[in-house]
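For reference, the structure discussed in these notes is given below.
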Amino acid sequence: MDIYLLEAVVNGLLLGGVLALLALGLNLIFGVIDVVWIAYADLVMCGMYGVYWLHAYFGWPLALACVAAIVGVALLGLLVHLLIIAPVLGSAPINQLLATGGLLYFLQSFATLLFGTDFRNIGVRLPVIELGGIFISYARLIAFAAALLGATALYLFLKRSYLGTAIRAISQDREVMGLMGVDQRRIYLITSAIGGALAGLAACLLALQYDVHPFIGNTFGPLTFMICVLGGLGNMLGGFIAAFIISQIIAIGGYYSSTELSYVLAFTLFIVLMIARPRGILAR
Amino acid sequence: MRAWHPAALVGLAALVALPFVVPVYFLHMLIQILLWGFIYTAWSLMGRFGFVSLGHGAFMGIGAYVPALLWNYEGVTPWLSIPLSMLLSALLALVIGYPCFRLKVVGHYFALVTLALGQVVMLTIVAARDITGGSLGMTQKLAGHSWYALQFPEKGYFYGVALVVWLGGLATWRWLDRGVGREALQAISEDEEAAAAVGIDVMREKLRVTVVSAVLTALGGALYVQYLMYLNPETVSGIGVSLQIVFAAIAGGMYTPLGPTVGALLTIALTEGLRVWFGISFVGAANTIYGILLVLFIIFMPRGILGLFETLRARRARAAAVAAQ
Amino acid sequence: MLSLVAVSAGYGSFRALFDVSLEVAAGEAVGVIGPNGAGKTTLMRVISGLISPRAGELTMEGRSLAGVPAHRIVERGIAHVPENRRLFPRLSVEDNLRIGSFIPAARRHFAERLAWVYELFPRLEERRGQLAGTLSGGEQQICAIGRALMSRPKLLLMDEPSAGLAPQVVEQVFDLVRRIRGEGLTVLIVEQNVQQVLDIVDRAYLLEVGSIRLAGSSAELRDNAFIRKAYMGL
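Residue numbers (the working numbering), protein chains in the order written: chain P, 1 to 284; chain W, 285 to 609; chain H, 610 to 843.
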């Protein structure tokens, strides 16, 4: 096999790790508690800017900057729920989509205002490993591992713990939760914070590999939604697998033609799948 | 046909007279308001029944790029290529709409499909950078003052085109509402199964309004770039544009025919106001405000500005009725 | 144990309950009967905190329940089995039971509580891993009751447990209610099926159009001419 094709495949696998990590938080918010944060990718963008500013500008050690970014985006998640989602929870879900659409607009423009449209890089060069002629990015390797750990941890949390079970239940019958002694508001807030934290985690790993700019959310936002739907909403394992399928389409497609066309292919696949199997490829 | 309301006639006369009295700068603003108003109106034809599309940038993109490319490379007159782009948009709307409606992909799932569609069109335009110029955009070949090329250096002519098209949009709104149209779609948006049970052809009505919306959006996109003489995939097809359309329609009020135009007034005024106030360096300020306003509107005023007036008027009427008893 | 005095409640501008007073003593089984739309479900929701009363007093063991949110009322020892079961369809039977014991007081005793519920309802144990949405109507009702019991309640509210169930299944469900009573639980049941509910309760109230029209022991009500004609078809 052509060595470059192999490299594309391998890097596709690693990109899959990054995408899987991104999809985790959204799968929790969109897939499990059935709330639409169309601005999810822009929360990640905020996290990336956070890491950039704390590390590259203020000189904080990278690890500390990452922790701060994770906490920051978790708080952002809380605010999103309190200020934007909670007032429209009772009405049609399209309102959540539109309201967070406004947030998307706001975050992107506000970032442009603050930081301009230049691409910023945090300037951390992680080593690139060479394995038999193929170059593998260390950063992507870490992202892969983090995604795997994150998915497993989230899965166990949701399946085994009281809180996790309540989180799984709330989208199925919100009103009855009160009768179980569960404070609805708390569940939504906790889940929003966890979702935000996962977005922050993804932001840290993305910041290691990509330059940040205000519109970076547009490049992987729709993709992330796609992965969640493809894998079956709320299905952590499904999302994980779907991320790899998508990343391979992008990697191999990008090898044979342009990057944009590979995305076009991926999105077209999404449209077809939403129509044909809205419950995802792993639907029971 | 109902007699025209006298206020409407006066308003119409005023609109026709405007280009002769108003300075060029305001004419520029008016043309934008009319064209964007038309586009927002086209979106609202669907949006007001709950068929929220986040991908109308797809149709705008087709409407913008197909005529421009055909003109630049083959010298085809926009009078032919614009209808062609409208046909293409109609086909796209059918291809996506039919399976979606058939398989009951509605609400926010439908919105996500349209979002992906907008991306597909935008990315295709960028991918074809050899002919479209990619993200850098392209300009149409200049032809001076020419009806054949639909290019008019003097804004007055374009104003006329924009006015006619805008009025056409309002007429289409009326047309769709007449007959079974509006009640049918209202019933469908509330309870599809019940609507089908009373004999409403759900599929046909939904497809009709979707295709009309797509076709008009394409027309709006085509005329907009003919006026600007510049195209850019982000400006006509990006998520930003699609969201802007939604915002304006909601802010102005998408349940009345003039609502979306009020939305256009709002967005244009906002952009201009910010530009005048803060200068061109304040990139992104308008959108920041749109964003906040959209959130606030969805939470507090989902029926928009005109919708608010309607509600107040209805409330006053109800109070008067109660008092009269 | 539970006491309502002159409670009124409604939805928006619609009033559903007018001046309702009733009492449930510890260890009793009390029924509330009446036609559709009488306000029976509203009554349950007021007691379990899903709706706030507009007027009147509501106390449990002497402590007022006014303004207490639903999830806190569970901590006061009141568990509500809702109309139509309202199980979480995509969670397993055991997960549904687990949610029932969410409050800290119940969580500590989850294992023994679960064992007790499984002992009462062995069929649930057989189906512990099955998705609740795939259970039969009768099994769902049992699961919903079991879920409510997981929170170690003192008072169990049951809203139309016989709804949508075949007669034999209704028998089984009511048998279970008898057994639960035998374990010392106080029960307040709202029902349309007058015959069967009068068989298992000590006292009952007749609720019509939001007001209490009659009250008495189940024997008295069974002999009451009006009830016999209007609700038992005799």
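All C-beta atoms, glycine included, are put in the ideal place defined by N, C-alpha and C.
Just so it is clear, the structure is predicted and the values come from calculations on it, not from any experiment.
* Would W:G329 pass as a contact of W:V493 if the rule is Cβ separation under 8 Å? -> Counting from one through the second sequence, the residue named residue 329 of chain W turns up at place 45. Counting from one through the second sequence, the residue named residue 493 of chain W turns up at place 209. The sequence given here places Leu at residue 329 of chain W; Gly does not occur at that position. With contacts defined as CB atoms closer than 8 Å, W:L329 and W:V493 qualify as a contacting pair.
* To do: Consult DSSP for H:A813 and reduce its assignment to one of helix, strand or coil.
  => The residue you call residue 813 of chain H lines up with position 204 of the third sequence. Taken through DSSP and simplified to helix, strand or coil, H:A813 comes out as strand.
* Shortest alpha-carbon distance to W:S497 belongs to which of W:G339, W:V389 and W:G547? -> In the second sequence, counting from the first residue as 1, residue 497 of chain W sits at position 213. Measuring from the Cα of W:S497, the nearest candidate turns out to be W:G339.
* is_contact[W:V495, chain P] using C-beta, thresh 8 Å -> The sequence position of residue 495 of chain W within the second sequence is 211, counting from 1. So no, W:V495 is outside the interface.
* To do: Check whether the Cβ of P:T165 lies closer than 8 Å to any Cβ atom in chain H.
  => For this step, residue 165 of chain P is matched to residue 165 along the first sequence. The C-beta of P:T165 comes closer than 8 Å to at least one C-beta of chain H.
* W:Q424: contacting residues in chain P (beta-carbon distance under 9 Å) -> Residue mapping note: residue 424 of chain W aligns to position 140 of the second sequence, counting from 1. Simply none; closest approach about 23 Å.
* Asked: Along the chain, where does the alpha helix (DSSP H) that runs through H:Y620 open and close?
  -> Stepping through the third sequence from its first residue, residue 620 of chain H is reached at position 11. Annotation: H:Y620 is outside any alpha helix (DSSP H); the continuous beta strand (DSSP E) that includes it extends over L611 to Y620.
* **Continuous beta strand (DSSP E) assignments of at least 3 residues falling wholly in the stretch 229 to 267 of chain P** => Listed in chain order, there is nothing to give.
* Asked: Which value, in whole angstroms, describes the spacing of the CA atoms of W:A481 and W:K388?
  -> Along the second sequence, one-based indexing puts residue 481 of chain W at 197. Along the second sequence, one-based indexing puts residue 388 of chain W at 104. Going by the C-alpha atoms only, they are around 16 Å apart.
* Check each candidate in W:S419, W:G421, W:L447 and W:N356 and name the one with the smallest Cα separation from W:P303. => Taking the second sequence and counting its residues from 1, one reaches residue 303 of chain W at position 19. Cα-wise, what sits closest to W:P303 is W:L447.
* **Terminal residues of the beta strand (DSSP E) in which W:D461 lies** => Here residue 461 of chain W corresponds to residue number 177 of the second sequence, with the count starting at 1. Element bounds for W:D461: not the beta strand (DSSP E) but the alpha helix (DSSP H), K439 to D461.
* **Neighbourhood of P:A111 by C-beta, 7 Å cutoff - its chain only, sequence neighbours within 5 removed** => Taking the first sequence and counting its residues from 1, one reaches residue 111 of chain P at position 111. Taking C-beta separations shorter than 7 Å and ignoring five residues to either side along the sequence, the partners of P:A111 in its chain run M45, Y49 and P214, following chain order.
* To do: Closer than 7 Å, Cβ to Cβ, to anything on chain P: give me those residues from the stretch 659 to 672 of chain H, in chain order.
  => Answer set for the stretch 659 to 672 of chain H: L659.
* To do: Return helix, strand or coil for H:R737, following the three-state DSSP convention.
  => For the purposes of this step, residue 737 of chain H is taken as residue 128 along the third sequence, with counting starting at 1. It is coil, neither helix nor strand.
* To do: Could you name the residues of the stretch 143 to 176 of chain P whose beta carbon sits closer than 8 Å to any beta carbon of chain H, in the order they occur along the chain?
  => For the stretch 143 to 176 of chain P, which is checked against every Cβ of chain H, the residues closer than 8 Å are Y162, T165, A166, R168, A169, Q172, D173, E175 and V176.
* Assumed close pair H:V799, H:V641 - CB separation to whole angstroms, cut-off 8 Å -> What you label residue 799 of chain H is simply residue 190 of the third sequence in a count that begins at 1. What you label residue 641 of chain H is simply residue 32 of the third sequence in a count that begins at 1. Correct: roughly 5 Å between the Cβ atoms.
* If you check the beta carbons only, do W:V509 and W:G341 fall under 8 Å apart? -> Locating residue 509 of chain W in the second sequence gives position 225, counting from the first residue. Locating residue 341 of chain W in the second sequence gives position 57, counting from the first residue. For W:V509 and W:G341, no; Cβs fall outside 8 Å.
* Asked: Is it buried or exposed for W:P544, if we count other Cβ within 10 angstroms and need 16 for buried?
  -> Looking up residue 544 of chain W in the second sequence gives position 260. Taking all protein chains shown into account, W:P544 has 16 or more neighbouring C-beta atoms within 10 Å of its C-beta and is therefore buried.
* **Residue from H:V779, H:F627 and H:G842 whose Cα sits closest to the Cα of H:Q750** => As a working mapping, residue 750 of chain H is identified with position 141 in the third sequence. The residue with the shortest Cα to Cα distance from H:Q750 is H:V779.
* Asked: Taking just the CA atoms, how far does H:V726 sit from H:A720?
  -> Counted from its first residue, the third sequence places residue 720 of chain H at position 111. Counted from its first residue, the third sequence places residue 726 of chain H at position 117. So the alpha carbons of these two residues sit roughly 10 Å apart.
* Among the residues of its own chain, which have a CB less than 6 Å from the CB of W:P362, if the five just before and after it don't count? -> Start at 1 with the first residue of the second sequence, and residue 362 of chain W comes out as number 78. If we look at W:P362 and ignore the five residues flanking it on each side, its Cβ neighbours are P351 and L434.
* Indicate whether at least one CB of chain P lies closer than 8 Å to the CB of H:D704. => Counting from one through the third sequence, the residue named residue 704 of chain H turns up at place 95. For H:D704, the answer is yes, since a Cβ of chain P falls inside 8 Å of its Cβ.
* Asked: On the three-pair Cβ rule with 8 Å, is the stretch 618 to 632 of chain H touching the stretch 782 to 796 of chain H?
  -> Too few Cβ pairs lie closer than 8 Å, so no.
* **Pick from W:Y441, W:A502 and W:L420 that is closest to W:G428, judged by C-alpha positions** => As a position in the second sequence, residue 428 of chain W is number 144, starting the count at 1. Ranking W:Y441, W:A502 and W:L420 by Cα distance to W:G428 puts W:Y441 first.
* Asked: Beta-carbon separation of P:L19 and P:S247 under 8 Å?
  -> Your numbering for residue 19 of chain P matches position 19 in the first sequence. Your numbering for residue 247 of chain P matches position 247 in the first sequence. In this structure, P:S247 lies closer than 8 Å to P:L19 by Cβ.
* Those runs of the beta strand (DSSP E) which lie wholly inside the stretch 613 to 668 of chain H and span at least 3 residues -> The qualifying runs are 623 to 633 and 638 to 642.
* beta strand (DSSP E) segment containing H:H689, residue limits -> If you number the third sequence from 1, residue 689 of chain H lands on position 80. That run of the beta strand (DSSP E) goes I687 to V690.
* Residues bridged to H:D768 by DSSP? -> Along the third sequence, read from residue 1 onward, the residue named residue 768 of chain H stands at position 159. DSSP, once it has assigned bridges, lists H:V799 as partnering H:D768.
* Closest by CA to W:L378, which one among W:E489, W:I534 and W:A598? -> Here residue 378 of chain W refers to the residue found at position 94 when the second sequence is read from its first residue. The shortest C-alpha separation from W:L378 is found at W:E489.
* Asked: Beta-carbon of H:F623 versus every beta-carbon of chain P: anything under 8 Å?
  -> The residue given as residue 623 of chain H occupies position 14 in the third sequence. The Cβ of H:F623 sits no closer than 8 Å to any Cβ of chain P.
* **Classification of P:R160 by the beta-carbon crowding that lies within 10 angstroms, buried from 16 upward** => Position 160 of the first sequence, counted from the start, is the residue given in the question as residue 160 of chain P. Burial call: exposed.
* **contact_flag[the stretch 250 to 268 of chain P, the stretch 165 to 175 of chain P] where n(CB pairs < 8 Å) is 3 or more** => With a cut-off of 8 Å, the stretch 165 to 175 of chain P and the stretch 250 to 268 of chain P do not count as touching, because too few Cβ pairs lie within range.
* Asked: Quick one: what does DSSP say W:M285 is sitting in, helix, strand or coil?
  -> Working through the second sequence from its first residue, we reach residue 285 of chain W at position 1. Here W:M285 scores only 43 on pLDDT, less than 50, and its place in the model is too uncertain to base an answer on.
* To do: Could you check the C-alpha separation between W:F322 and P:V264 for me, to the nearest Å?
  => Within the second sequence, numbered from 1, the residue matching residue 322 of chain W stands at position 38. Within the first sequence, numbered from 1, the residue matching residue 264 of chain P stands at position 264. When only Cα atoms are considered, W:F322 and P:V264 end up about 29 Å apart.
* To do: Could you check the C-alpha separation between W:I529 and H:Q777 for me, to the nearest Å?
  => Here the question's residue 529 of chain W lines up with position 245 in the second sequence. Here the question's residue 777 of chain H lines up with position 168 in the third sequence. Going from the Cα of W:I529 to the Cα of H:Q777 covers about 59 Å.
* Asked: For the beta strand (DSSP E) that W:A301 lies in, which residues bound it at each end?
  -> Sequence index remark: in the second sequence, residue 301 of chain W carries index 17 (1-based). Counted as a single uninterrupted DSSP element, the stretch harbouring W:A301 is not any beta strand (DSSP E) but the alpha helix (DSSP H) occupying residues P290 to V305.
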